[in-house]
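Heads up: the sequence lines are chains A, B, C and D, in that order. Counting in numbering that gives the first Met the number 0, the first sequence runs from 0 upward without gaps. Counting in numbering that gives the first Met the number 0, the second sequence runs from 0 upward without gaps. Counting in numbering that gives the first Met the number 0, the third sequence runs from 0 upward without gaps. Counting in numbering that gives the first Met the number 0, the fourth sequence runs from 0 upward without gaps. One structure is given here, and the rest of the page talks about it.
There are 4 protein chains.
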Amino acid sequence: MSQSRNPTFADEIKQSFAQQTIMSLIGAELSRVEPGIVEITLPYRTDLAQQHGYLHAGIVTTIADSACGYAAYSLMPPNSEVLSVEFKVNLLRPAKGETFVAVAEVVKAGKTLTVVRADIFAIDTEERRKLVATMLGTMICLTNPSLSV
Amino acid sequence: MSQSRNPTFADEIKQSFAQQTIMSLIGAELSRVEPGIVEITLPYRTDLAQQHGYLHAGIVTTIADSACGYAAYSLMPPNSEVLSVEFKVNLLRPAKGETFVAVAEVVKAGKTLTVVRADIFAIDTEERRKLVATMLGTMICLTNPSLSV
Amino acid sequence: MSQSRNPTFADEIKQSFAQQTIMSLIGAELSRVEPGIVEITLPYRTDLAQQHGYLHAGIVTTIADSACGYAAYSLMPPNSEVLSVEFKVNLLRPAKGETFVAVAEVVKAGKTLTVVRADIFAIDTEERRKLVATMLGTMICLTNPSLSV
Amino acid sequence: MSQSRNPTFADEIKQSFAQQTIMSLIGAELSRVEPGIVEITLPYRTDLAQQHGYLHAGIVTTIADSACGYAAYSLMPPNSEVLSVEFKVNLLRPAKGETFVAVAEVVKAGKTLTVVRADIFAIDTEERRKLVATMLGTMICLTNPSLSV
């Protein structure tokens, strides 16, 4: 497992997540925070759907992107800010399930840029997991909040 | 401008959009539907934000992905279904604005796959537009709804 | 491990690889062919470099793309053709090494589309491996060679 | 048109391109260098092909990536170094032609990161251009060559 250089990273991530107002709108929760690994869980709701009733790809992306951002943040030095630079998402199967979980893990942590991968699983009523999408993204560390990208 | 082979594509897109429940949750509207070009508009709300108060990248993606899907659909033959295969989003500037608009345009329409690009602009109170993100994605045409990807 | 539905997939991949003339130009070799997993190895040469003397990102991509295509092909039914739809590559470290190996593995094999991931490692003179890039891509199966994408 | 802050950018790009040994191996030439726009031209050769005889997607990527890197470099301050962070390529049609040209244009130049788009065209013997692929990528500016990413 990776090592964090920021002793309060877990609390900071929880506070930051609580400030992501979109997370409470859609009902997402932070379900795991470890150095280099973050999970966000989202119960299915009928008002989060695309035209066939599946979870909208943008909402799949919403939880995956936040999970990736916080996974990257967990390995950054104290007083950092994290922003998403880019991500790519491959949609593998219809996002049909009772609950969804985005599991993000850092691939490579750098001084400026951190590359993160997230797998998004649909979980059915019998707790079976199916991989529905995968993200590969880049996060940037701003050590000075006023620094522009 | 591209030509549509489906005379009722605009009505079908409006109906499908109305079935995307996530669009009414976030307050997004279909603001332009033409052959090969679709726009979705989203007024900023404080409950759609990430930790700094900007529009969350996943919500930027949500309107861009739907705009891309419908732009692709507009050039597909009658009785098609459209699904997102993958997309990549580059976040260019903080998504800060009064209103956001995702403008999607087909790059190449194929029999099975259609490649679409979307630019997402933030519009301020003085109607100035700033490019905040750009998407490049692939959509698939399922001519038979029961056909699996 | 995945199962192949094509009993002669390994021979077909070797034949196809031999027809990829770019592989002999750059000196790449097929070093592993299993159902769902393909590796391509490339010794460093000074004529494959970018301006700092590292392996050019396009050559990293060349071996990763072929490895992904053949990994996808290995799980396709007999008489298929494989084409690359799209790929994204994250460059993680300077591609500096004696030898490079692209290890591709199928993430999800579908009837039409197959999603594949490849990790590209640099190997130094003491056989130490370092991850220098990662690819996430989509391949399409054309069951009839005359079928257009 | 964009403005360059580096009066000798065009000469520096030509010198750097001459150091990219892969370019002479494949026969690519720098055909246009302007602030924010760079083109690289590549005549087709039978030793640059994939299994069907078309230009290999990795070689399409090779010229597109260098064109994007230099387009980004043209807008960077003096004494910068440019490196590719990531790129995504959508392959739109078989890369079949007499000559190929990658046309890269900066989408957004930032202090650290620059986002660039490239279109890759195949040109036939009657000078007709067909779009065969499109790239969307991110380049990083290292103002101090010893700075790590």
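Here a beta-carbon is modelled for each residue, glycine too, at the ideal position from N, C-alpha and C. Small disclaimer: the values here were computed from a predicted structure and weren't measured.
Under the Cβ distance rule, D/Ile-58 counts among the residues neighbouring chain C, one pair being separated by less than 8 Å.
Boundaries of the alpha helix (DSSP H) around B/Met-22: 20 to 25. For A/Glu-85, the chain D residues whose Cβ falls inside 7 Å of its Cβ are Glu-85 and Thr-137, in order along the chain. At a cut-off of 8 Å between C-beta atoms, C/Ile-36 does not count as an interface residue with respect to chain D. In the structure shown, A/Leu-47 falls within a helical segment according to DSSP collapsed to helix, strand and coil.
Out of A/Tyr-43, A/Asp-64 and A/Leu-54, the CA that lies nearest to the CA of A/Val-105 is found in A/Asp-64.
Separation of A/Glu-11 and A/Ala-101 (C-alpha to C-alpha, rounded to the nearest whole angstrom) is 19 Å. In the DSSP annotation of this structure, B/Ser-1 is not part of any beta strand (DSSP E), being labelled neither H nor E. The beta carbon of D/Lys-87 lies closer than 6 Å to those of Leu-135 in the same chain, with the five residues before and after it left out. Relative to A/Ala-108, the option among C/Leu-130, C/Gly-109 and C/Thr-124 whose CA is nearest is C/Leu-130.
By the Cβ rule, the segment 107 to 125 of chain B does not count as touching the segment 79 to 86 of chain A, because fewer than three pairs are nearer than 8 Å. The straight-line gap separating the alpha-carbon atoms of C/Ala-48 and C/Leu-54 is approximately 5 Å.
For D/Ser-3, the CB contacts under 7 Å within the same chain, skipping 5 residues up- and downstream, are Pro-34, Ser-73 and Leu-74 in chain order. Near chain D, meaning a CB-to-CB distance below 7 Å, the residues of the segment 94 to 119 of chain B are Val-106, Lys-107 and Val-114. In this structure, the beta-carbon distance from B/Leu-41 to B/Thr-98 falls below 8 Å. In the DSSP assignment, A/Glu-126 is bridged to no other residue. Taking each of D/Lys-110, D/Arg-128 and D/Ala-121 in turn and checking the Cα distance to D/Tyr-43, the smallest one comes out for D/Ala-121. Here DSSP, grouped into helix, strand and coil, assigns A/Gly-57 to helix. The beta carbons of C/Val-37 and C/Ala-94 sit no closer together than 8 Å. Distance from the Cα of C/Ile-139 is smallest, within the candidate group C/Ala-17, C/Gly-68, C/Thr-124 and C/Ala-132, for C/Gly-68. Under the 10 Å beta carbon count, B/Gln-50 is surrounded by 16 or more other beta carbons and is classified as buried. If you draw a straight line from the Cα of A/Ser-30 to the Cα of A/Pro-77, it comes to about 22 Å.
With respect to the 8 Å criterion, D/Ile-58 and C/Thr-61 are classified as neighbours on the basis of their beta carbons.
Straight through space, the alpha carbons of C/Val-81 and C/Thr-7 are spaced by roughly 15 Å. Per DSSP, reduced to three states, the secondary structure at C/Gly-68 is helical.
Distances from the CA of B/Ile-39 to each of B/Leu-141, B/Lys-13 and B/Thr-45 were compared; the closest alpha carbon is that of B/Lys-13. Spatial neighbours of D/Ala-9 in its own chain (CB-CB distance under 6 Å, excluding positions within 5 residues in sequence) are listed in chain order as Val-32. With distances taken between CA atoms, B/Glu-125 lies nearest to B/Gly-96 out of B/Ala-132, B/Thr-137, B/Gly-96 and B/Phe-16. A/Met-138 has A/Ser-83 and A/Thr-113 as its beta-bridge partners, per DSSP.
Taking 8 Å as the CB threshold, D/Ala-70 stays off the interface with chain C. Contacts between D/Ala-48 and chain C, judged by CB atoms closer than 9 Å, involve Gln-18, Gln-19, Thr-20 and Ile-21 in chain order. Proximity of B/Thr-7 to chain A, defined by a Cβ-Cβ separation below 8 Å, is not satisfied. Residue B/Ala-71 holds the alpha-carbon nearest to the alpha-carbon of B/Ser-1 among B/Thr-137, B/Ala-71 and B/Arg-92. Counting other Cβ atoms within 10 Å of its Cβ, C/Gln-18 stays below 16 and is therefore classed as exposed. The Cβ of B/Thr-40 sits no closer than 8 Å to any Cβ of chain A.
From the beta-carbon of B/Asp-64, the residues of chain A found nearer than 7 Å are Ala-56 and Gly-57.
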